[in-house]
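> The structure is given below, and queries will be raised subsequently.
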Amino acid sequence: MALHILFTWLSLSLPLLLLLLLSVKNFNDKKKNLLPGPPSLPIIGNLLQLGHLPHQSLWKLSKRYGPVMLIRLGSIPTVVVSSPESAREVLKTHDLDCCSRPRLVGMGCLSYDYLDMAFVEYGDYWRELRKLYVLELYSAKRVQSFRYVREEEVGSMIESIAMSAKSRTPVNLSEKFMTLTANITCRVAFGKAIQETEFKEGSFMNMIHEAVAMLGSFSASDLFPRFGWIVDRFTGLHSRLEKSFRNLDVFYEKVIEEHRNATKSHEQEDIVDLLLKMVRDQTELAGIRLKEDNIKAILMDIFLAGVDTGAVVMDWTIAELTKNPRAMQKAQEEIRSCVGNKKWADEDDLNALKYLKLVLKETMRLHPPLVLLIPRETMGHFKLFGYDVDLKSRVQVNVWGIGRDPSLWERPDEFVPERFEDSPIDYKGNHFELLPFGAGRRGCPGIAMAMPTIELALANVLHSFDWELPEGMTERDVSMEEGAGLAVFKKVSLTLLPVKASHETNA
């Protein structure tokens, strides 16, 4: 009898309690000046509206709800900005309010504590780590010290393409560029190219691809922190994440062990050598003594941020030039005139390649390496254009959408490098119309290492070869379809036939 009375009381009171909670929420929301945005469903929010390519879906929604809008990804309120003015507000004016990172619950469920050091929230430790990146790992002196690595690896790629040209064999440039950036990153970080880093769980390249794919996917644990882990385990995402990062962990252990036992001169030191020296010297970051887990976290950051993004930029650049033969010819003429009788372009030639720099700006406008900047998290309540933004809201900057905005760019979907002639706009975080590397405190510190690699590789690919489409294809047949991921790559790999340039043949 008592149970029956209790059940009856609960059945009557729970709906009333839910109505009361909804009323309180609606009352609080009305007191706030909430950002505009699409209506959301209970529990899942606006997830169903994201689609296969979220940056494109969010850009379409912004045309209806404005360049600053609020959506809900599961239980997470997310502010999406899609204009230079709004990007300036969150990346500069309110940079300190928006400069933390959301703690990735899906990563926190894994067996590797150092992942929290790789995807670090804003604070004293992050500031010290940022200083380490800027002053040590990516300083102008260190970037210049690895010039020989970039030139050797680009030369090796050009020689391998030359063999294909000799045999009239098409080349998968998407793979070539990915191998190039991976080789350079590996040699800079721990002194070995990727051909030397295979081990039984699979190649380093496969590990990086899998880890980047995992980071680009939506984890239920991140969207529904209280119960999402159940979904991740049921769908197999958790086990896939665990395997991916276990493979990388084994790899890092092997690399660190090899470096610990090696004897090198100062000139031969790579990034792992530098970090191990800091561990031996008991260096502290914000009161935290540097350990091997910190080394793993920094390596994770370097590889996941550096390998795919540079390759993606090169891939899209050659694809756009292939579809626009006039721009291809103009770029090649400039490069060949500058390089003259030398076999290859070197880094001393890069400053003179003005048109190539315009081509790269235009490519990164249309195809930024990260179409949505890695999400930020607000550290407190603040006002954005008069609207209320709450603590622990996520902030996404749709760089792809800004690059396609017809109010900013004439013929925004067309590839026109000349639009940047006599324009002060650059990609270093000073101009919010073009943000391939982000801006503010969370701007990418690796830009100093990435751009010389990209420019040098493209200069030599265009200098040494003319490029033909496979038989039966025309420029219209070159697919520009995007693949889903953290770094948006070409869904269909770029395969072209290299032809030794006439000046090369006569040399």
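Per mature numbering (1 follows the signal peptide of the UniProt record, and there is no 0), the sequence shown runs over residues -26 to -1, 1 to 481. C-beta: ideal position from N, C-alpha, C; glycine also.
Strictly under 8 Å for the Cβ-Cβ distance: is L22 near chain D by that measure?
Reference to chain D is not applicable here, since this structure consists of a single protein chain.
> Can you tell me which of E232, E227 and M181 puts its alpha carbon nearest to the alpha carbon of K217?
The candidate whose alpha carbon is nearest that of K217 is M181.
> Can you give me the start and stop residues for the alpha helix (DSSP H) that Q370 sits inside?
Premise fails: Q370 lies in the beta strand (DSSP E), R368 to V371, not in any alpha helix (DSSP H).
> Counting C-beta neighbours from all protein chains within 10 Å, is the total for D400 16 or more, i.e. buried, or is it exposed?
Per the 10 Å Cβ criterion, exposed.
> Between G354 and the rest of its own chain, which residues show a CB-CB distance below 8 Å, the 5 nearest in sequence each way excluded?
Excluding positions up to five away in sequence, the list reads D71 and L365.
> Beta-carbon separation of I135 and G284 under 8 Å?
No, the pair does not count as a contact, with Cβ atoms beyond the cut-off.
> Give, in chain order, every unbroken run of the alpha helix (DSSP H) that is at least 4 residues long and sits entirely within the stretch 124 to 184.
Those alpha helix (DSSP H) runs which fall completely within the stretch 124 to 184 and span 4+ residues are 147 to 164.
> Taking just the CA atoms, how far does I272 sit from D223?
About 12 Å.
> With which residues is K357 paired in a DSSP beta bridge?
Note: K357 sits in a beta bridge opposite D362.
> Where do the ends of the beta strand (DSSP E) carrying F439 lie?
Note, F439: beta strand (DSSP E), F439 to E442.
> Would you mind sorting N325 into buried or exposed? The rule is 16 or more other CB atoms within 10 Å of its CB.
Label assigned to N325: exposed.
> Out of curiosity, what's the CA-to-CA distance linking K150 and L15?
Taking the straight line joining both Cα atoms gives about 44 Å.
> Hey, how far is the Cα of R378 from the Cα of L340?
Their backbone Cα atoms lie some 7 Å apart in a straight line.
> What's the call for I17, buried or exposed, on a 16-neighbour Cβ count within 10 Å?
Classification of I17: exposed, given that the 10 Å Cβ count is below 16.
> Quick test of your reading: V466 and E455, contact by CB under 8 Å. State the CB separation rounded to the nearest angstrom.
At roughly 6 Å, the Cβ-Cβ gap stays under 8 Å, so V466 and E455 are in contact.
> Within the same chain, show all residues whose beta-carbon is closer than 8 Å to that of L264, passing over the 5 residues directly before and after it, in chain order.
For L264, where only same-chain residues beyond five positions count, the Cβ hits under 8 Å are L249, M252, V253, Q256, T257 and E258.
> Helix, strand or coil for E395, going by three-state DSSP, please let me know.
Coil, per DSSP.
> Quick check on G446: buried or exposed, where buried means 16 or more other Cβ atoms within 10 Å of its Cβ?
Exposed.
> State buried or exposed for A319, treating a residue as buried only when at least 16 other CB atoms are found within 10 Å of its CB.
Looking at its Cβ environment, which holds 16 or more other Cβ atoms inside 10 Å, A319 is buried.
> At which residues does the beta strand (DSSP E) containing M43 begin and terminate?
Unbroken beta strand (DSSP E) run through M43: V42 to L47.
> What residues are listed by DSSP as bridge partners for L273?
Partner(s): none; L273 has no beta bridge.
> Name the DSSP bridge partner or partners of E351?
For E351, which the question treats as bridged, DSSP gives the partners S74 and R368.
> Start and end of the beta strand (DSSP E) containing P472?
P472 -> beta strand (DSSP E) spans T469 to K474.
> Buried or exposed for F463, going by 16 or more other Cβ atoms inside 10 Å?
Classification for F463: buried.
> Please state the DSSP three-state secondary structure of P426.
DSSP places P426 in helix when its eight states are reduced to three.
> Pull up the CB-CB distance for A458 and V186, whole angstroms please, since I reckon it's below 8 Å.
Contact doesn't hold; Cβ gap of about 11 Å is too wide.
> Determine the direct distance from the alpha carbon of L278 to that of L215, and round the result to whole angstroms.
Taking the straight line from one Cα to the other gives about 14 Å.
> Suppose only complete runs of 4+ residues qualify. What are the alpha helix (DSSP H) ranges in the stretch 266 to 318, listed by chain order?
Fully enclosed alpha helix (DSSP H) runs of 4 or longer: 266 to 297 and 299 to 313.
> Within a Cβ cutoff of 8 Å, which residues of the same chain sit near C73, ignoring the five residues on either side of it in sequence?
Cβ neighbours of C73 beyond the five flanking positions: Y96, R350, M353, G414, R415 and R416.
> Decide yes or no for the touch test of the stretch 98 to 117 against the stretch 432 to 443: beta carbon pairs closer than 8 Å, at least 3 of them.
No: the two stretches stay apart, fewer than three of their Cβ pairs being nearer than 8 Å.
> Under 8 Å, do I276 and I230 count as touching if we go by C-beta distance?
Contact: no.
> Please report how far the alpha carbon of N2 lies from the alpha carbon of P410, in whole angstroms.
Low confidence applies here, because N2 scores a pLDDT of 48, under 50, leaving its location unreliable; read the following figure in that light. Approximately 37 Å, taken between the alpha carbons.
> In whole angstroms, what separates the C-alpha of K(-2) from that of G40?
Note that K(-2) scores a pLDDT of 45, beneath 50, so its modelled location is shaky and nothing firm can be said.
> Could you pull the DSSP bridge partners for K464 from this structure?
In DSSP, K464 forms a bridge with E456.
> Identify which residue in P51, H405, Y112 and A167 has its Cα closest to the Cα of A424.
Checked all of P51, H405, Y112 and A167; the closest Cα to A424 is Y112.
> Give me the Cα-Cα distance between L470 and L443, rounded to the nearest whole angstrom.
Between L470 and L443, the C-alpha separation is close to 5 Å.
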